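Numbering (our numbering), first residue to last: 1 to 673. Note that CB positions come from ideal geometry on N, CA and C, so glycine has one too. None of the values given here were measured: they were computed from a predicted structure. Here the structure comes first, spelled out in C-alpha cells, and everything after it is commentary.
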C-alpha cells in the first residue's frame, strides 16, 4: 500500500505537522486515529514545542492508556534511531529518559493528579481515596441504610408522610442514587398543598353506578372491552375495599386517568348511548381526574424530594469523613478549582502546554469545561464556552457516530458545541476518511446500507452519514463481503433459534480454522510474519444484540474446542454470586473497611438482615472481622454474627497464608461457588 492510495494523506500530514493550530479530528473506526495522535505527539517533541512532561494525553479507558503509552514510546524509539540531526536526536533521547513524566491516562486519573498537586485550592484532603464504582456503590448503600435507621428512630413522621403518598423508602432508592450522581444539579421542588381527592372520586363513583347497568352480566364471546373491565374492577373495589383510605381512592382514580375506548357491540345499550358513556368518562378524566392526579403527583414529588435530600447529604457526609472522591467528584472539584483560582489555572496551563483528548464523542459538559479551562488563554474567564484555547494547545479526536449517548452524562450536543467553538476560534475540524481495517467489499456494503439509514446532516441525536473509504483490496481466492446465516422456519422459540445460530457459527469457525472453510485476505505485514489465508481463532468476532444469550454462544464454542474471550459487559458480570464474591475478595484485601464488611454480611453468602445489623450496631457491635460479638444480642442474632465473623476470619487467614489462586479456590469452594 503506497501513500498515493490513501485519500486523506494531506489531512494526516497536517495533523502531524501543523502544530500551531488547534485541531478537532473526526475519525471513524479503523481510520488510524491513534496513529495520527501519536505522530502529532512525536512531532511536538521533535520540534521542541513541548517536552514530554508538558504533554497530557487523555484516553477513555485504562487499557487504551496503556496501549497509547507503549505505542508512543515505540514511536519515540524508532524516531530516535532514524534521526540524523544531532540536536533532535538529543531531544528524543531526553524524552525517552523522562517518559514516565508524560501523562497518559484517563480523565479521572488526570483530575486526581491535579487535585493531589493543589489540594488546598481544591479543598480536598491531600490523601483522598479514589472510589471505584463498586466501593462507591457500597458507600451509597451504607449511607442509605444509616439514613433509614436514623429516620425510623428519630423522625418517624417522615415515614408517615411518605406512606401517606403511597410510597415506601424502597420505591425511592433508585432516585436517591440518581440524585447523588448529579450533585451539581439542583433538585427543584415547591411546597404543595395536599389536594382533595374526594370531588373527583365522588363523580367517578356516580359514573360507575350509572354505567354498570349497560354491561352484560355474561361475558361477551370476545371478552369485555377495556372500559367494561375497568368499571367492573372499580365496582368490586367499592364493594370490598375501604374506600375511605386515600391510597385506595388514588388507585381507583389512576385506573381512569387516560382516555378510554369502547367496543360498541359489547354493550347492552345502543351505539349512541355507548358513545355517550365513552365521552362522559373521557370528559371526567380530562376535567377532574387528570388535574387532581397531577396536583397529587406534584405534592408527592415535594414529599419524596424532601425525604431524599437528607439521604444525599448523609452520603456526602460519610464520603467526606472517609476522604473519598468518586469519579464525578474528581471532575467537579477539578473544574471548580480551575474556574475559581486563576493562579492555579495559569500554573497547570504552563505545565501542560499540549492537551490531547481521544474518544471525545463520549465526553460530558464537565469534561468539556475542564478541557477549555486548561487551554484557554484568559485565566480569569469563568465561562468555558467563551474561552479561546492557546494556539496549538488542544488536539481532540472523536467519532460522533460512535457516541455512547448518555454514558456518564455523554451528550452529542456538547460534542457539536465544542466543534463549533473550534471553528469560531481559528481552529480546524479535519476528517480522516480512509479505513485501513476493512476490505473494499465491506466498505461498499457499509456505504450502500448506511447512506439511507443515517441523516445527511448531523442533528441533536445522530451524526451525519460519512462514507467509509476502504483501501484494502480483495485477494483472489479469499472470502469477503456480507453473508447471512438463515435459521430454518421450524426453529420458532427464541432459545431454539439462539442455540441453532450458535451452532452454525461454531461450525463455520471450526471448519475454517481446520482449513476447510473460508480464506482471508492478509496484509503484507501479516504475510511477512507467516500468517496465511487460513483463519486463526483471533480472526473471529461475534457481536450480539443482547447479552442474555452470551452464555449459550460461549458454551457452544467451547464444545467445538474453540477458545473464547468474553468482553463488553459479559454475562459473567451479571451473575449475582460473582458480584458478591468480588465484594468479598475486596473485603479480604481491605479488612478494616466497614462498608465492605456490611455489604458482605447483608449479601447472599451470609444473608444477615438489616434489622439484625441495626440490632448489632445498637448493641455496641463493631464492624470488624475480628471484633467481639456483644453478649446483649439475642441468641439467634449472635449466632449469625459468630458464624459470619468466624468464616471471614478463616478466609482472611487463607488470603495471607496461601498463593492467591489457591486461596481463591479454597474460599470459593468453602462458600459454595
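Exercise. Counting pairs of beta carbons, one from the segment 21 to 34 and one from the segment 319 to 335, are three or more of them closer than 8 Å?
Worked result: In short, these stretches do not touch, since the Cβ pair count stays below three.
Problem set entry | Run of the beta strand (DSSP E) containing residue 59, from where it starts to where it stops | 55 to 59 is the span of the beta strand (DSSP E), which, as asked, contains residue 59.
Exercise. DSSP three-state call for residue 441: helix, strand or coil?
Worked result: Correct three-state label for residue 441: helix.
Exercise. By how many angstroms is the C-alpha of residue 457 removed from the C-alpha of residue 464?
Worked result: Our two residues, residue 464 and residue 457, have alpha carbons roughly 5 Å apart in a direct line.
Exercise. Is the number of C-beta pairs between the segment 345 to 363 and the segment 314 to 330 that are closer than 8 Å three or more?
Worked result: At 8 Å Cβ cutoff, the stretches do not touch.
For this session: Starting from the Cα of residue 103, find the closest Cα among 518, 485 and 357 and give me that residue.
Result: Comparing C-alpha distances from residue 103 to each of 518, 485 and 357 shows the shortest one belongs to 357.
Exercise. Apart from the five residues on each side of it in sequence, which residues of its chain come closer than 6 Å, Cβ to Cβ, to residue 480?
Worked result: Excluding residues within five positions, the ones whose Cβ falls inside 6 Å are 439, 441 and 474.
Exercise. Where do the ends of the alpha helix (DSSP H) carrying residue 344 lie?
Worked result: First-last of the alpha helix (DSSP H) with residue 344: 342 to 351.
For this session: Let me know the secondary structure DSSP gives residue 27 once reduced to three states.
Result: Residue 27 falls in the strand class under three-state DSSP.
For this session: Name the one or two DSSP bridge partners that residue 104 has.
Result: Per DSSP, 57.
Problem set entry | Entirely enclosed alpha helix (DSSP H) segments - the segment 601 to 626, minimum 4 residues | With a minimum length of 4 residues, the continuous alpha helix (DSSP H) runs that stay inside the segment 601 to 626 are 610 to 618.
For this session: Whole angstroms is fine: what's the gap from residue 629's alpha carbon to residue 313's?
Result: In a straight line, the C-alpha of residue 629 is about 31 Å away from that of residue 313.
Exercise. What first and last residue would you give for the alpha helix (DSSP H) that runs through residue 138?
Worked result: Residue 138 -> alpha helix (DSSP H) spans 133 to 154.
Exercise. Once you ignore the five residues that flank residue 175 on each side, which residues in its own chain have a CB closer than 8 Å to its CB?
Worked result: The answer, listed in chain order, is 304 and 308.
For this session: May I have the straight-line CA-CA distance separating residue 386 from residue 506, to the nearest angstrom?
Result: Put simply, the backbone Cα of residue 386 is about 56 Å away from that of residue 506.
Exercise. How far does the beta strand (DSSP E) with residue 470 in it reach, from first residue to last?
Worked result: Run containing residue 470: 469 to 472, per the beta strand (DSSP E) assignment.
Exercise. With DSSP run on the structure shown, which of helix, strand or coil describes residue 275?
Worked result: Helix, per DSSP.
For this session: Please say whether residue 208 and residue 231 have beta carbons closer to each other than 8 Å?
Result: In this structure, residue 231 places its C-beta atom within 8 Å of the C-beta atom of residue 208.
Exercise. Name the DSSP beta bridge partners of residue 354, please?
Worked result: DSSP lists 55 as partners of residue 354.
For this session: Please state whether DSSP places residue 199 in a helix, a strand or coil.
Result: The DSSP-derived three-state label of residue 199 is helix.
Problem set entry | C-beta atoms of residue 255 and residue 233 nearer than 8 Å | Their beta carbons are under 8 Å apart, which means residue 255 touches residue 233 by this criterion.
For this session: Write down the C-beta distance between residue 379 and residue 353 rounded to the nearest angstrom, noting that I regard them as a contact closer than 8 Å.
Result: At roughly 14 Å, the Cβ-Cβ gap does not stay under 8 Å, so residue 379 and residue 353 are not in contact.
For this session: Report all residues from its chain with a CB closer than 6 Å to the CB of residue 592; omit the five preceding and five following residues, and keep chain order.
Result: Once the five neighbours on either side are set aside, residue 592 has no close Cβ partner at all.
For this session: Could you say if the segment 14 to 24 and the segment 35 to 49 meet the contact criterion of at least three C-beta pairs nearer than 8 Å?
Result: With the cut-off at 8 Å, the segment 14 to 24 and the segment 35 to 49 touch.
Exercise. For residue 220 versus residue 266, is the C-beta distance shorter than 8 Å?
Worked result: Yes.
Exercise. Which class does residue 641 belong to by DSSP, given the choice of helix, strand or coil?
Worked result: Reduced to three states, the DSSP call for residue 641 is helix.
For this session: Give the DSSP bridge partners of residue 389, in chain order.
Result: The partner list for residue 389 (beta bridge, DSSP) reads 376.
Problem set entry | Proximity to residue 236 [Cα-Cα], best of 222, 167, 246 and 212 | Closest by alpha carbon: 212.
Problem set entry | the segment 113 to 125 / the segment 79 to 90 touching (three or more Cβ pairs under 8 Å) | Here the segment 113 to 125 makes no contact with the segment 79 to 90; the two share fewer than three CB pairs at distances below 8 Å.
For this session: Look at the alpha carbon of residue 661 and the alpha carbon of residue 19, and state the distance between them as a whole number of angstroms.
Result: Rounded to whole angstroms, residue 661 to residue 19 spans 50 Å at the Cα level.
Exercise. What does a CB cutoff of less than 8 Å around residue 119 pick up in its chain, not counting 5 residues either side in sequence?
Worked result: Excluding sequence neighbours, residue 119 sits near 125, 126 and 128.
Problem set entry | Nearest candidate by alpha-carbon position, reference residue 188, set 79, 105, 298 and 434 | For residue 188, the closest of 79, 105, 298 and 434 by C-alpha to C-alpha distance is 298.
Exercise. Opposite residue 395 in the DSSP bridges: which residues?
Worked result: Its beta-bridge partners are 23 and 356.
Problem set entry | Closest residue to residue 535 among 521, 528 and 544 (Cα-Cα distance) | For residue 535, the nearest C-alpha among the options comes from 521.
Exercise. From what residue to what residue does the alpha helix (DSSP H) around residue 253 run?
Worked result: Here the alpha helix (DSSP H) through residue 253 covers 246 to 255.
Exercise. Cβ of residue 478 within 8 Å of Cβ of residue 444?
Worked result: No, the Cβ-Cβ distance between residue 478 and residue 444 is not below 8 Å.
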